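Colleague: The structure follows.
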Amino acid sequence: MIPELGHVALIAGLLLSFALATLPIAGSYTARPLWMAAGRPLAFGVFAFVLIAFACLTIAFVQSDFTVDYVAQNSNRILPVYYKITAVWGGHEGSILLWLLMQAGWAAAVAMFGRQLPPELSARVLSVLGMVLIGFFLFILLTSNPFDRTLPFPPVEGSDLNPLLQDPGMIFHPPLLYMGYVGFSVVFAFAIAALLGGHLDAVWARWARPWTGVAWAFLTLGIALGSWWAYYELGWGGWWFWDPVENASLMPWLVGTALMHSLAVTEKRGLFKSWTILLAIFTFSLSLLGTFLVRSGVITSVHAFATDPQRGSFILAFLAVVIGSSLLLFALRAPTVSARSVFSFRSLETFLLGNNILLILIMAMVLTGTLYPLLADALNWGKISVGAPFFNLFFVPLMVVLCLLLGMGIHANWKSSRWDKLLGAWRLPFLTALAVALLWPLAFDHYHWGAVLGIFIGIWVMAASVTDIAVKTRNAKSFIVGLKRQRASYYGMHLAHIGLAVTVLGVVLSTVYSVEKDLRMGAGDSYQVAGYDFKFDGVRLVQGPNYHAFEGILQLSRDGELLGELLPQKRNYFSGGNPMTEAAIDTGLLRDIHVALGEPMERTNPSGDWAVRLQYKAYVVWIWLGALLMAIGGGIAVADKRYRKATAARSVESAQVPGTLAAV
Amino acid sequence: MTMHPVRRQRLILVLVLVTLSSAAVGFVTFAMRENMDYFYAPSAFAAGEVPVEKRIRAGGCVVPGSLQRADKNLEVQFVITDGEAELTVAFDKILPDLFAEGEAAVITGRLMPNGILRADQVLAKHDETYTPPEVAESMVSHKSCAGGAKI
Amino acid sequence: MSRLKLFLPLFIFIALALLFWRGLFLEPQEMPSALLNKPVPAFSLPKVADNHQIVRKEDLPREPHLLNVWATWCIACRVEHPYLNALAERGVPIVGVNLKDDEKAALAWLEKFHNPYRFSLADREGRLSLDLGVFGAPETFLVDAGGTIRCKHVGIVDDKVWQTKLQPLYEKLTTQRWEEFADDLSDSLLSRCQ
Chain A
1 MIPELGHVAL
11 IAGLLLSFAL
21 ATLPIAGSYT
31 ARPLWMAAGR
41 PLAFGVFAFV
51 LIAFACLTIA
61 FVQSDFTVDY
71 VAQNSNRILP
81 VYYKITAVWG
91 GHEGSILLWL
101 LMQAGWAAAV
111 AMFGRQLPPE
121 LSARVLSVLG
131 MVLIGFFLFI
141 LLTSNPFDRT
151 LPFPPVEGSD
161 LNPLLQDPGM
171 IFHPPLLYMG
181 YVGFSVVFAF
191 AIAALLGGHL
201 DAVWARWARP
211 WTGVAWAFLT
221 LGIALGSWWA
231 YYELGWGGWW
241 FWDPVENASL
251 MPWLVGTALM
261 HSLAVTEKRG
271 LFKSWTILLA
281 IFTFSLSLLG
291 TFLVRSGVIT
301 SVHAFATDPQ
311 RGSFILAFLA
321 VVIGSSLLLF
331 ALRAPTVSAR
341 SVFSFRSLET
351 FLLGNNILLI
361 LIMAMVLTGT
371 LYPLLADALN
381 WGKISVGAPF
391 FNLFFVPLMV
401 VLCLLLGMGI
411 HANWKSSRWD
421 KLLGAWRLPF
431 LTALAVALLW
441 PLAFDHYHWG
451 AVLGIFIGIW
461 VMAASVTDIA
471 VKTRNAKSFI
481 VGLKRQRASY
491 YGMHLAHIGL
501 AVTVLGVVLS
511 TVYSVEKDLR
521 MGAGDSYQVA
531 GYDFKFDGVR
541 LVQGPNYHAF
551 EGILQLSRDG
561 ELLGELLPQK
571 RNYFSGGNPM
581 TEAAIDTGLL
591 RDIHVALGEP
601 MERTNPSGDW
611 AVRLQYKAYV
621 VWIWLGALLM
631 AIGGGIAVAD
641 KRYRKATAAR
651 SVESAQVPGT
661 LAAV
Chain B
665 MTMHPVRRQR
675 LILVLVLVTL
685 SSAAVGFVTF
695 AMRENMDYFY
705 APSAFAAGEV
715 PVEKRIRAGG
725 CVVPGSLQRA
735 DKNLEVQFVI
745 TDGEAELTVA
755 FDKILPDLFA
765 EGEAAVITGR
775 LMPNGILRAD
785 QVLAKHDETY
795 TPPEVAESMV
805 SHKSCAGGAK
815 I
Chain C
816 MSRLKLFLPL
826 FIFIALALLF
836 WRGLFLEPQE
846 MPSALLNKPV
856 PAFSLPKVAD
866 NHQIVRKEDL
876 PREPHLLNVW
886 ATWCIACRVE
896 HPYLNALAER
906 GVPIVGVNLK
916 DDEKAALAWL
926 EKFHNPYRFS
936 LADREGRLSL
946 DLGVFGAPET
956 FLVDAGGTIR
966 CKHVGIVDDK
976 VWQTKLQPLY
986 EKLTTQRWEE
996 FADDLSDSLL
1006 SRCQ
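Residue numbers (this note's numbering), protein chains in the order written: chain A, 1 to 664; chain B, 665 to 815; chain C, 816 to 1009.
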């Protein structure tokens, strides 16, 4: 009965979202306040119904109701209860339901926190979100219903949740990622509403900014968690593979980052208006595109979902409607919102423009690399894959330029800055970064010029932020008073930039100074990697709740002092399927020791020699630590008081001179 | 000649954009040419179509019984087939969890002058019903490694 | 001109969408069995145990049974074999199709690993397998009492596959005719049978 209730709730939600998509927007054009006001309760209603559906599916999982096909496919009785709950989004249908839940949640959040919006804007934003909701409701109901029954022949036992997903990291990774993807739909809706209204001012930008920031922070966390999960769960110590699925999450992040910066210009200076709109459309489009690529089977990937041409066609049609119509609207309406103005080349605007161009360029390269195999296949150029070297080749230099610009631009003023002031501001961070970059590699066993460059970039960004804070607090009575004078968004920005620097340092140092050894080890063998001694004490059999495993025992020591025991596993889940490698990791701030168990040299003799991978990963945690700082920075920026103030519309005066900078 | 400041700014901007994008296009073309990994089936190796010492990909079904390990280290050799020709692959790292004889494997590596493919990376995926599309397409006589040998 | 420029993103997107549309149909990843709900094709093949005894389609069991394609060169078949033994012990009739195999090797295999088959057909040239649309081994067909194929599984049959896919249909077929319950079957089950 409960699954049927969930199904009915979905249908009810669909009906309500039809109302949400039409009523408020119609009201906004016919000046009917009542219709416009209906948006808020309708959004809450849709959310409530999706929540009911989600709860129903969760109950089905907890009760191991294998009459529900999706439950039977993704769970079984011996699965620990917390994994039964996370199995709700462990497969395609459930993850779409989770997506829908978040989509409805964001719409409800807009309804809740958007009370001070002008009623027309609020009505249109909610209606656009309603249209997006219709698409996802139809998708789930027509192609991916999680409540389909297996009746009249329910299986006695379910299959299993994919063992790769039986992991704490996986509990949070998809929700965070989807929060980010879906969150960009809000700024998208704001952009469409602005196009419809032909009106875009500083107030609009002030409203759109926090929503973008929150979505961006979630997406940052989601990507970082996914990378961390790959690092310890896929077993072999890699943290980024340039896999299509990873690229699909990176592209909206890159454009979302550009959008945040362009929104800042739109808010403060009333410039880049149509560009901001276009970026908002792009960001959400790329989020949808990611879903399409992952779920349609168009591109083969290691983490692809079970693919289905019917689903692929649906998402493609949905993409065509959403993106096609918004780009058409953009082409027709953009001139009504654009503004023209001049700024000096030594201004913050120029640096932010540079930031935008670079980020879009990086995104375009990632998109090219991801889609090229598909294009080559479609044109019969042969089966081609674009490997990590291609991505690294452009990503690294472009990131270097981006970071250099960041450290320079942060000291620039709006409109125009004086050369001598800029040069003066750059001197100290430059010298600091240079000194640290030249000295730091001495702490490692070999000197590496790539590391020098990478460290310089990281410290340059960090020092630029610190210098700026020091300058801004210089004239206050005390340092603390000076600190208090700055807005939350100011600190959020600097924290995010410092986070970027930390990630850069982590990437550079772990890439250059990590050591990896694949070895054949028998009981009693010892090996030294990067000054650490590993003694292999053989393998024993251990039993888990739903698996048994071979567990390798390694003593880790350094200079004769025992540091601990590492226990990597090779698991076999009772539900069958492939063996799983569980790495053992000794995490530290300055280095990780990562040990993974390969296979026995003779399959029939597990007490003989084993293949073992020993890794010393320098500063690898910094990669995710930096991402965490970025996300916290994004969160702090959103807490800025000015976003919450009910300000009267203050439109930015646009200069009278013609020009098309804003339409770039 | 004086130019309107907005127009001047616009001109410079257009120039910068044109320079940047043509640089980008050139760069991508170069990078693509250098870093694309072409896929070859074992029969292409037999026919001598595969360049030596260049990074390429190959794939096929691992021939049952062909896996040979060295006594002292991780060095391993195995043979892959597309149902028509066979190709020997050498590898010195840990084989992936899903690697098995009779299953599909995709190898990235370089062909050595002695005709052996030196692998940098071995990917395997042996969901019973799944065979990498490239492998399936290159198989001469059948479309799946399920079972592992030729019909 | 400047208005036209605004359409550029739209044009780029349309080009991309066309590419995706093409990509969607580029690799039909599953190949549905042409034979689902069609009778087993006619054949006339010797038994593995006895070369002189010719078996025809009419000799297939007059009850629901499994038709399992196997071979000694097939590693996955070795993995599957113990489970087939268990099914045979539970009384599920299984007929083997020994695909392109060596007679002696096949006999030795059956002796060594136990024989779960009512009998095995020696399909040395792979003609029956070709008619069945088999691309490899192991593959298993569920055939009803009237000799019509009702479900197909590519790959190893294990507990999971049996319980979630084959057993429900098998048990129904032992008591009912296909037409009597086919309409009640869930789409997801049927789509997996192809």
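Ideal placement from N, C-alpha and C gives every residue a C-beta, glycine not left out.
A quick note: this is a predicted structure, and the numbers were derived from the prediction, not measured.
Of all the CB atoms in chain B, is at least one closer than 8 Å to the CB of proline 579(A)?
Modeller: Locating residue 579(A) in the first sequence gives position 579, counting from the first residue. Yes - at least one Cβ of chain B is within 8 Å of the one on proline 579(A).
Colleague: Return yes when at least one heavy atom of the ligand COA lies under 7 Å from the C-beta of leucine 327(A), else no.
Modeller: Ligands in the displayed structure: none, and consequently the ligand COA is not present.
Colleague: Residue ranges of each alpha helix (DSSP H) run of no fewer than 4 residues wholly in the region 361-418 of chain A, ordered along the chain?
Modeller: Entirely contained in the region 361-418 of chain A, the alpha helix (DSSP H) runs reaching 4 residues are, in chain order, 388-409.
Colleague: Taking the C-alpha atoms as reference points, what is the distance between phenylalanine 934(C) and valine 863(C)?
Modeller: Here residue 934(C) is taken as the residue at index 119 of the third sequence, counted from 1. Here residue 863(C) is taken as the residue at index 48 of the third sequence, counted from 1. If you take the alpha carbons of phenylalanine 934(C) and valine 863(C), they lie about 7 Å apart.
Colleague: Measure from the C-beta of aspartate 761(B) to each C-beta in chain A and report whether the shortest distance is under 8 Å.
Modeller: Looking up residue 761(B) in the second sequence gives position 97. With 8 Å as the cut-off, aspartate 761(B) counts as an interface residue toward chain A.
Colleague: With a cut-off of 8 Å, does the C-beta of methionine 365(A) fall near any C-beta of chain D?
Modeller: The displayed structure is made up of protein chains A, B and C, and chain D is not among them.
Colleague: Kindly list, in the order they appear in chain C, the residues whose Cβ is closer than 7 Å to that of alanine 320(A).
Modeller: Counted from its first residue, the first sequence places residue 320(A) at position 320. In chain order: Ala832.
Colleague: My guess is that aspartate 916(C) and threonine 887(C) are in contact by the Cβ rule of under 8 Å, so how many angstroms apart are they, rounded?
Modeller: In the third sequence, counting from the first residue as 1, residue 916(C) sits at position 101. In the third sequence, counting from the first residue as 1, residue 887(C) sits at position 72. Sure, about 6 Å apart at Cβ, within 8 Å.
Colleague: Can you list the residues of chain A that lysine 718(B) reaches, using a CB-CB cut of under 8 Å?
Modeller: Stepping through the second sequence from its first residue, residue 718(B) is reached at position 54. By Cβ distance, chain A contributes nothing, its closest Cβ being about 13 Å from lysine 718(B), past 8 Å.
Colleague: My output table needs one value for glycine 838(C): the three-state DSSP class, helix, strand or coil.
Modeller: Indexing the third sequence from 1 puts residue 838(C) at position 23. DSSP places glycine 838(C) in helix when its eight states are reduced to three.
Colleague: On the DSSP bridge assignment, give the partners of tyrosine 573(A) in chain order.
Modeller: As a position in the first sequence, residue 573(A) is number 573, starting the count at 1. According to DSSP, tyrosine 573(A) bridges with Tyr547(A).
Colleague: Do leucine 976(C) and proline 879(C) have their CB atoms nearer than 8 Å?
Modeller: By 1-based counting over the third sequence, the position of residue 976(C) is 161. By 1-based counting over the third sequence, the position of residue 879(C) is 64. Here residue 976(C) turns out to be valine, not leucine, going by the sequence shown. Not closer than 8 Å, so no.
Colleague: If the cut is a Cβ gap below 7 Å, which residues of chain B does proline 389(A) touch?
Modeller: The residue given as residue 389(A) occupies position 389 in the first sequence. Those are Asn699, listed as they occur along chain B.
Colleague: Indicate whether asparagine 162(A) and glycine 90(A) have their beta-carbon atoms separated by less than 8 Å.
Modeller: As a working note, residue 162(A) is residue 162 in the first sequence. As a working note, residue 90(A) is residue 90 in the first sequence. Yes, the pair counts as a contact, with Cβ atoms nearer than the cut-off.
Colleague: Confirm, please, whether the CB-CB distance from serine 285(A) to phenylalanine 272(A) is below 8 Å.
Modeller: Working through the first sequence from its first residue, we reach residue 272(A) at position 272. Working through the first sequence from its first residue, we reach residue 285(A) at position 285. No, the Cβ-Cβ distance between phenylalanine 272(A) and serine 285(A) is not below 8 Å.
Colleague: Give me the subset of the region 599-620 of chain A whose CB atoms are less than 7 Å from a CB atom of chain B, sorted by chain position.
Modeller: Those would be Glu599, Met601, Ala611, Arg613, in chain order.
Colleague: When burial is assigned at 16 or more other CB atoms within 10 Å of the CB, is phenylalanine 345(A) buried or exposed?
Modeller: Against the first sequence, residue 345(A) aligns to sequence position 345. When all chains shown are included, phenylalanine 345(A) counts as exposed.
Colleague: Hey, how far is the Cα of tyrosine 794(B) from the Cα of arginine 32(A)?
Modeller: Stepping through the second sequence from its first residue, residue 794(B) is reached at position 130. Stepping through the first sequence from its first residue, residue 32(A) is reached at position 32. Note that tyrosine 794(B) scores a pLDDT of 38, beneath 50, so its modelled location is shaky; the value from the coordinates is reported in the next line. Approximately 57 Å, taken between the alpha carbons.
Colleague: Taking the straight line between their C-alpha atoms, what separation do you get for glycine 369(A) and leucine 293(A)?
Modeller: The residue labelled residue 369(A) in the question sits at position 369 within the first sequence. The residue labelled residue 293(A) in the question sits at position 293 within the first sequence. One C-alpha to the other measures close to 13 Å.
Colleague: Under 8 Å, CB to CB, which of the residues in the region 732-744 of chain B have a partner in chain A?
Modeller: So the list reads Arg733, Lys736, Asn737, Leu738, given in the order they occur along the chain.
Colleague: Can you check whether the C-beta of glutamate 792(B) is within less than 8 Å of a C-beta belonging to chain A?
Modeller: Here residue 792(B) refers to the residue found at position 128 of the second sequence. Unreliable positioning characterises glutamate 792(B) in this predicted model, as indicated by a pLDDT of 40, which lies under 50. The coordinate reading is nonetheless provided below. Output row for glutamate 792(B): interface = no.
Colleague: Quick one: residues in its chain with C-beta nearer than 6 Å to the C-beta of glycine 961(C), no 5 flanking neighbours on either side, listed in chain order?
Modeller: For the purposes of this step, residue 961(C) is taken as the residue at position 146 of the third sequence. Taken in chain order, the list of residues that qualify is empty.
Colleague: I'd like to know if leucine 331(A) contacts chain C, where contact means its C-beta is closer than 8 Å to some C-beta of that chain.
Modeller: Here residue 331(A) refers to the residue found at position 331 of the first sequence. Correcting the residue identity first, residue 331(A) is alanine in this sequence and not leucine. Cβ-Cβ to chain C under 8 Å: yes for alanine 331(A).
Colleague: Can a CB atom of chain A be found closer than 8 Å to the CB of isoleucine 771(B)?
Modeller: Counting from one through the second sequence, the residue named residue 771(B) turns up at place 107. Answer no: the Cβ-Cβ gap between isoleucine 771(B) and chain A never drops below 8 Å.
Colleague: Should methionine 363(A) be labelled buried (16 or more other beta-carbon atoms within 10 Å of its own) or exposed?
Modeller: As a first step, residue 363(A) must be located in the first sequence, where it is residue number 363. Per the 10 Å Cβ criterion, buried.
Colleague: Using the DSSP secondary-structure output, state which residues sit across from alanine 596(A) in a beta bridge.
Modeller: The residue you call residue 596(A) lines up with position 596 of the first sequence. According to DSSP, which records beta bridges pairwise, alanine 596(A) is partnered with Arg613(A).
Colleague: Can you tell me whether tyrosine 527(A) is helix, strand or coil according to DSSP?
Modeller: Mapped onto the first sequence, residue 527(A) falls at position 527. Note: tyrosine 527(A) maps to strand in three-state DSSP.
Colleague: Using only alpha-carbon positions, find the residue among Trp460(A), Leu289(A), Val265(A), Phe282(A) that is nearest to asparagine 355(A).
Modeller: What you label residue 355(A) is simply residue 355 of the first sequence in a count that begins at 1. When each option's Cα is compared against that of asparagine 355(A), the closest is Val265(A).
Colleague: What are the start and end residues of each continuous beta strand (DSSP E) run of 3 or more residues lying completely inside the region 877-960 of chain C, in chain order?
Modeller: With a minimum length of 3 residues, the continuous beta strand (DSSP E) runs that stay inside the region 877-960 of chain C are 880-885, 909-914, 934-938, 954-958.
Colleague: Using CA coordinates, which residue listed in Gly506(A), Ile585(A), Asp586(A), Val595(A) is at the minimum distance from lysine 517(A)?
Modeller: On the first sequence, position 517 is the one that residue 517(A) refers to. The option with the nearest alpha carbon to lysine 517(A) is Val595(A).
Colleague: So the candidates are Asp756(B), Lys736(B), Leu751(B); which of them puts its Cα closest to the Cα of alanine 711(B)?
Modeller: Here residue 711(B) refers to the residue found at position 47 of the second sequence. Closest option to alanine 711(B), Cα to Cα, is Leu751(B).
Colleague: Flag glutamate 653(A) as yes if its beta-carbon sits less than 8 Å from any beta-carbon of chain C, otherwise no.
Modeller: As a working mapping, residue 653(A) is identified with position 653 in the first sequence. Bear in mind that the predicted position of glutamate 653(A) carries a pLDDT of just 34, short of 50, making it too unreliable to give a figure here.
Colleague: Between Arg571(A), Trp253(A), His199(A), Ile192(A), which lies nearest to alanine 217(A) when the distance is taken from Cα to Cα?
Modeller: By one-based count along the first sequence, residue 217(A) stands at place 217. Nearest option by C-alpha distance: Trp253(A).
Colleague: Using the rule of at least 16 other Cβ atoms within 10 Å of the residue's Cβ for burial, across every protein chain shown, is glutamine 166(A) buried or exposed?
Modeller: For the purposes of this step, residue 166(A) is taken as the residue at position 166 of the first sequence. So glutamine 166(A) ends up on the buried side.
Colleague: How many Å lie between leucine 221(A) and serine 144(A) at the Cα?
Modeller: For the purposes of this step, residue 221(A) is taken as residue 221 along the first sequence, with counting starting at 1. For the purposes of this step, residue 144(A) is taken as residue 144 along the first sequence, with counting starting at 1. Cα to Cα, the separation comes out at about 27 Å.
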